[in-house]
Amino acid sequence: MSQHLETGPETLGGDPTDYVQLLTPEGVRVEHPDYSLDPSPELLRCFYRDMTLTRRIDVEATALQRHGELGIWAQLLGQEAAQIGAARALAPQDFVFPTYREHGVAWVRGVDPLKLLGLFRGSDQGSWDPAEHNFGLYTIVIGAQTLHATGYAMGMQRDGVVGTGDPQRDTAVVAHFGDGASSQGDVNEAFVFAASYQAPVVFFCQNNQWAISEPIERQSRIPLYHRAEGFGFPGVRVDGNDVLATYAVMKQALQRAREGGGPTLIEAYTYRMGAHTTTDDPTRYRLDDDVQRWKLKDPIARVEVLLRRNGYADDEFFARVQQEADGLGAHLREGCRALPDPSPLAGFDRVYAEQTEELAAQRDEYAGYLASFEGAN
Ligand SMILES: Cc1ncc(C[n+]2csc(CCOP(=O)(O)OP(=O)(O)O)c2C)c(N)n1
Numbered sequence: 008m009s010q011h012l013e014t015g016p017e018t019l020g021g022d023p024t025d026y027v028q029l030l031t032p033e034g035v036r037v038e039h040p041d042y043s044l045d046p047s048p049e050l051l052r053c054f055y056r057d058m059t060l061t062r063r064i065d066v067e068a069t070a071l072q073r074h075g076e077l078g079i080w081a082q083l084l085g086q087e088a089a090q091i092g093a094a095r096a097l098a099p100q101d102f103v104f105p106t107y108r109e110h111g112v113a114w115v116r117g118v119d120p121l122k123l124l125g126l127f128r129g130s131d132q133g134s135w136d137p138a139e140h141n142f143g144l145y146t147i148v149i150g151a152q153t154l155h156a157t158g159y160a161m162g163m164q165r166d167g168v169v170g171t172g173d174p175q176r177d178t179a180v181v182a183h184f185g186d187g188a189s190s191q192g193d194v195n196e197a198f199v200f201a202a203s204y205q206a207p208v209v210f211f212c213q214n215n216q217w218a219i220s221e222p223i224e225r226q227s228r229i230p231l232y233h234r235a236e237g238f239g240f241p242g243v244r245v246d247g248n249d250v251l252a253t254y255a256v257m258k259q260a261l262q263r264a265r266e267g268g269g270p271t272l273i274e275a276y277t278y279r280m281g282a283h284t285t286t287d288d289p290t291r292y293r294l295d296d297d298v299q300r301w302k303l304k305d306p307i308a309r310v311e312v313l314l315r316r317n318g319y320a321d322d323e324f325f326a327r328v329q330q331e332a333d334g335l336g337a338h339l340r341e342g343c344r345a346l347p348d349p350s351p352l353a354g355f356d357r358v359y360a361e362q363t364e365e366l367a368a369q370r371d372e373y374a375g376y377l378a379s380f381e382g383a384n
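Its first residue numbered 8, the sequence shown is counted upward by one per residue in my numbering.
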């Protein structure tokens, strides 16, 4: 604890506000020389709606876990702008490799949030089809998906869908990971391969300041985005609570990747407002003062101010989104409780794309064993 207090991010991580910002916490638009953006009122309303509904998914799931309906839940509270900005910048053909907290990205990619609940309830082992959404399965082994993403990106190069000049075809790949994962060997190996092959991958790190109870300043002596330079590709830090900035920075990095310009590391500087997961008690290792300070940087409130101040949205719009959120909440509460229990045999179906003889025999044996209990009472 004392080490954290003596050496905050301000000293070890560089100036935390040395980042790309286009919308201040007060809802004021600011310009950045490298990232000009002129978002339509429609896009701004879309950001607000996405973030509000994503937050509601998170709130409902947390409550459902507390009611014993989910085994565990990983909250995203506070990280909505980082995820929605990053996801709205994607082209349909881009492929995303998430970690376990990317509920906002899942939402934008069209994954039914009930499927997220199914995963955390244990009623489904995979839940959604990655090919249907161009959105991979959640990865618990931190950092592993950066290697999967890099390998996939190298595959895109070999498939000839990078740098063709056709915007409908050129493809980029995104790897989401956290500040804690940046210490993993996998992530550093992914950086090496991505740089060597100029792979079309964007490494999107949500630096939410904590790897469970481990503060970022114990993981890195320099700002994380500076690490990219040592691997030979650009790194940029963005205000992760600013959906406009995240969107603009991500758009540029994705474009660069699709055109064959190679990887980029984006460090979205944000804060995990909730616990690491519902099994964690953050009051044991962090100060409430910090949480209160970050509350003032809320990602949704600043977009609401911008919308209202410019007359881009009225009370009716906000009431409508609220109503939609309430409907989504009810859908999740009812839907979660109604999720069917999984078949004990389902695990056998997901091991290989095509069933092997040996596994089929094991499945049959197990089915027979289960059947032996039928009518036992
Ligand atoms: C390879 C591996 N080591 C350890 C863990 C245990 N673990 C789960 S989450 C976590 C911290 C991850 O922190 P970060 O990468 O910052 O992501 P965040 O959870 O904050 O989004 C750790 C160490 C794990 N899942 N995988």
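Cβ coordinates follow ideal geometry from the N, Cα and C atoms, glycine included.
Given that a residue counts as buried once 16 or more other Cβ atoms are within 10 Å of its Cβ, and exposed if not, what is residue i?
i: tyrosine 278; result: buried
i: glutamine 175; result: exposed
i: leucine 366; result: exposed
i: isoleucine 223; result: buried
i: glutamate 364; result: exposed
i: glutamine 259; result: buried
i: threonine 106; result: buried
i: alanine 255; result: buried
i: valine 118; result: buried
i: leucine 12; result: Residue confidence for leucine 12 is low, a pLDDT of 38 falling below 50, so the modelled location carries little weight; the figure read from the coordinates is stated next. When all chains shown are included, leucine 12 counts as exposed.
i: asparagine 215; result: buried
i: valine 115; result: buried
Please check the pair residue i and residue j, which I expect to be a contact at CB under 8 Å, by giving their CB distance rounded to whole angstroms.
i: arginine 108; j: cysteine 343; result: Actually they do not touch by this definition, with Cβ atoms about 19 Å apart.
i: isoleucine 64; j: leucine 261; result: Contact doesn't hold; Cβ gap of about 25 Å is too wide.
i: leucine 314; j: arginine 52; result: 7 Å
i: glutamine 213; j: glutamine 28; result: No, glutamine 213 and glutamine 28 are not in contact; Cβ-Cβ is about 16 Å, not under 8 Å.
i: alanine 201; j: valine 208; result: 5 Å
i: alanine 206; j: threonine 157; result: 5 Å
i: leucine 231; j: serine 189; result: 6 Å
i: valine 181; j: aspartate 101; result: 7 Å
i: alanine 218; j: threonine 253; result: Contact flag wrong, Cβ pair sits at about 21 Å.
i: tyrosine 92; j: methionine 257; result: Inspection of the sequence shows that residue 92 is occupied by glycine rather than by tyrosine. Indeed, because the Cβ distance is near 6 Å, the residues count as touching under 8 Å.
i: glycine 187; j: isoleucine 149; result: 6 Å
i: proline 306; j: serine 130; result: Actually they are not in contact, since the Cβ atoms of proline 306 and serine 130 sit about 31 Å apart, beyond 8 Å.
From the options, pick the residue whose C-alpha is nearest to that of residue i; which is it?
i: phenylalanine 210; options: Ile273, Lys302 and Leu294; result: Ile273
i: alanine 88; options: Gly111, Gly78 and Ile229; result: Gly111
i: tyrosine 373; options: Pro351, Ile147 and Asp356; result: Pro351
i: aspartate 356; options: Leu346, Val103 and Ala368; result: Ala368
i: arginine 62; options: Asp287, Asn195, Arg234 and Ala308; result: Ala308
i: aspartate 333; options: Ala353, His39, Glu67 and Glu38; result: Glu67
i: isoleucine 229; options: Phe324, Ala96, Leu97 and Gly242; result: Gly242
i: alanine 151; options: Trp80, Phe198 and Thr284; result: Phe198
i: glutamate 76; options: Phe184, Ala360, Leu124 and Gly269; result: Leu124
i: methionine 163; options: Asp246, Arg265, Asp348 and Val37; result: Arg265
i: histidine 39; options: Gly117, Asp136, Leu121 and Arg244; result: Arg244
i: serine 203; options: His233, Pro270, Ala93 and Asp166; result: Pro270
i: alanine 320; options: Ser47, Leu377 and Gly336; result: Ser47
i: glutamate 196; options: Tyr26, Gln226 and Gly237; result: Gly237
i: histidine 283; options: Ser43, Met161 and Leu83; result: Leu83
i: asparagine 248; options: Arg263, Trp301 and Pro120; result: Trp301
Report the three-state DSSP secondary structure of residue i (helix, strand or coil).
i: glutamate 323; result: helix
i: valine 35; result: coil
i: leucine 272; result: strand
i: proline 105; result: coil
i: glutamine 164; result: helix
i: phenylalanine 200; result: helix
i: arginine 56; result: helix
i: proline 222; result: strand
i: tryptophan 217; result: strand
i: leucine 12; result: Annotation note: pLDDT 38 at leucine 12 (below 50); position unreliable, coordinate value reported separately. Helix at leucine 12.
i: alanine 118; result: Reading off the sequence shown, one finds valine at residue 118, where the question assumed alanine. Of the three classes helix, strand and coil, the one that applies to valine 118 here is coil, per DSSP.
i: leucine 30; result: strand
i: alanine 353; result: helix
i: glycine 143; result: coil
i: phenylalanine 238; result: helix
i: arginine 316; result: helix
i: alanine 206; result: coil
i: histidine 183; result: strand
i: aspartate 297; result: helix
i: valine 250; result: helix
i: phenylalanine 127; result: helix
i: glutamate 365; result: helix
Within the 7 Å Cβ cut-off, does residue i reach chain D?
i: aspartate 65; result: Absent from the structure is chain D; it holds one protein chain and no more.
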